[in-house]
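Counted the way this note's numbering counts, the sequence shown spans residues 75 to 473. C-beta atoms are modelled at their ideal positions from N, C-alpha and C, and glycine is treated no differently. Note that the structure is predicted; figures quoted are calculated from it, not measured. Step one of this worksheet: look at the structure below.
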Amino acid sequence: MNTIQDRHSGTARPRRRSALSVLAAGLAATLLTGCQQSNQLITFGDMSSSYNREVFWMSVWAIALSIIIFVGVSWALFYTVAKFREDRHDAPPAQFHGNNRLEVILVAVPVVIVVLLSVLTVRSMARLNPTPTNAAKIDVLAKQFWWNFSYPAATAEAGGTVSNGNEMIMPTNARVALSITSGDVVHGFWAPNIGGQRHALPSVIKTWNVDTERPGVYQGNCTQLCGASHANMRYKVIALEPARFDAFLSAARAYRAPTPAEGSAEARGYTLFMQGKTATGALACAACHRVQGTPAAGAAGPDLSFFGTRRTLGAGMWEGDKAREMLPEWIKHSPKVKPGSLMPTYDGSEYLVDGKVQRGGRLTDEEIGDITAYLRSLKLPEEADYWRGTPGAIAGGTQ
Ligand code: HEC
Ligand SMILES: [Cu+2]
């Protein structure tokens, strides 16, 4: 009874309206702070990218055409309804079956519309798809639940190809040709500020050209539901002015992981990294990770060559100081902090690989501390630190 009265009394409406505005304000606050805190703000329609500009203007023309069609069809509808009202015409209206001219028009108009829309699309594809010969090339490998970015033109002096896990460095003011593939299931490459999205398919290599004119840090995400940590499969795009990009690439080519001083924590960490600890069944990190300039050449996990320069951890799950703080926890039991992580545990706990229960080996907290110290020593020289001074760089120290 009460509710019915409320609904009809004058007080109900303002109350409902204020409840709505509180809800809207709450939602906006959650969204805004949520985005700011996790640095996950994705910008749509960033006009610094020629890819995005092309798609924007294609859409403007397509929408303009649709508006013309809409107005034309509406006009024809209302005109016909008004002109052929039944009370004005007692006799049945003339039939147009067999009226060739009318039927040709009814076929021709949609054909023209479809052709115009196709021309718009094909024109944009013709502009976006060819890869210029001077394009910077980056090979993108997607795997559960991380990314590797390698530079096929940059052979490392220490052997192998320059590559980096989960942080993609690209030049500004140039088309960047990505060759995208997957090492397991279907993933999707998407960093909206630099261009559209592309599937990463196993055993298929897709080319995709992206670009931006504005140096900065941009968010990338996997767009295909690929498993437990699909939403944690992120990456950063760091766009550098061409001179800085070249400085990065040549320093990265010359880079060799530093040799730790004898007896230091880093030296103990290095040994554990390369050999693991057979006594407790702790697998060698080197079996799955590459570190340029060392024998570590594993490919089952992200490249860790310049891990000390990185500012993200767990494929962008944590950033800055939080990433730094989470590193020991990560090594101890990454599947506990990142569902579905295929890295073994190092605290003797169980984890799943291909549906089978495995048990990790054991490292002590001191040993994990030594490995952490070693990983943090893997730094690019200062002039090649792609975070330093880049607009939108993650605050807080490096790893
Ligand atoms: C069986 C293979 C395997 C072994 C052995 C292994 N890892 Fe990993 N590691 C992975 C995989 C796979 C990932 C990516 C997990 C994810 O993000 O989903 C990873 C991720 C990482 C990352 C995070 C990189 C980033 O940018 O987010 C670090 C750091 C790391 N491993 C360090 C180690 C260390 C240190 C050891 C040895 C104590 C080790 N790993 C042993 C497979 C392995
Ligand atoms: Cu994915």
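The beta carbon of Leu190 sits closer than 7 Å to those of Leu139, all from its chain and outside the five residues before and after it, given in chain order. The C-alpha of Gly470 lies about 11 Å from the C-alpha of Thr386. Counted as a single uninterrupted DSSP element, the alpha helix (DSSP H) harbouring Glu340 occupies residues 339-349. Residue range 124-157 is occupied by the alpha helix (DSSP H) that includes Ser148, with no beta strand (DSSP E) assigned at that position. In the structure shown, the three-state DSSP call for Trp392 is strand.
Between Ile243 and Ala274, the CB-CB gap reaches or exceeds 8 Å. Remark: the shortest separation between the CB of Met307 and any heavy atom of ligand 2 falls under 7 Å. With at least 16 other beta carbons inside 10 angstroms of its own, Tyr329 counts as buried. Secondary structure remark: continuous beta strand (DSSP E) runs of at least 3 residues inside the region 386-455, in chain order: 424-427, 430-433. In terms of CA proximity to Phe322, Trp461 leads the group Lys406, Met400, Trp461, Glu399. Beta-bridge analysis with DSSP links Met244 to Ala313.
In chain order, Thr246, Ala313, Leu314, Glu315, Thr464, Pro465 place their CB closer than 7 Å to the CB of Pro289, counting only its own chain and leaving out the 5 sequence neighbours on each side.
Look at Phe223 here: in three-state DSSP terms it is strand.
Ala374 has its alpha-carbon roughly 9 Å from the corresponding atom of Met417.
Going by DSSP, Ser237 is part of no alpha helix (DSSP H) but of the beta strand (DSSP E) stretching over 235-239. The closest CA to that of Val214, considering only Phe130, Val427, Trp282, Val193, is found on Trp282. Remark: three or more beta-carbon pairs, one from each stretch, lie closer than 8 Å, so the region 119-126 and the region 254-272 are flagged as touching. Judged by DSSP in its simplified three-state form, Phe170 adopts coil rather than helix or strand. In this structure, the straight-line span from the alpha carbon of Lys211 to that of Tyr153 is close to 58 Å. Judged by DSSP in its simplified three-state form, Gly290 adopts strand. Contact between the region 257-265 and the region 286-301 is present: 3 or more CB-CB pairs across the two stretches fall below 8 Å. When C-beta atoms of the region 334-345 are compared with those of the region 431-451, three or more pairs fall below 8 Å, so the two segments count as touching. Counted as a single uninterrupted DSSP element, the stretch harbouring Asn208 is not any beta strand (DSSP E), since DSSP gives it neither H nor E. Taking every protein chain shown into account, the CB of His363 has 16 or more other CB atoms within 10 angstroms, so this residue is buried.
Taking all protein chains shown into account, Ala227 has fewer than 16 neighbouring C-beta atoms within 10 Å of its C-beta and is therefore exposed.
In this structure Asp120 is buried. Its beta-carbon is surrounded by 16 or more other beta-carbon atoms within 10 angstroms.
In this structure, DSSP gives Arg327 a helical state, which the three-state scheme calls helix.
When DSSP states are grouped into helix, strand and coil, Cys296 belongs to the strand group. By the neighbour-count definition (other C-beta atoms within 10 Å, threshold 16), Ile442 is a buried residue. Taking the Cα of Ala458 as reference, the smallest distance to any Cα among Ala361, Ala389, Ala326 is reached at Ala326. Look at Ala458 here: in three-state DSSP terms it is helix. Under the three-state reduction of DSSP output, Ala251 falls in the strand class. Relative to ligand 2, the beta carbon of Gln271 is positioned no closer than 7 Å to any heavy atom.
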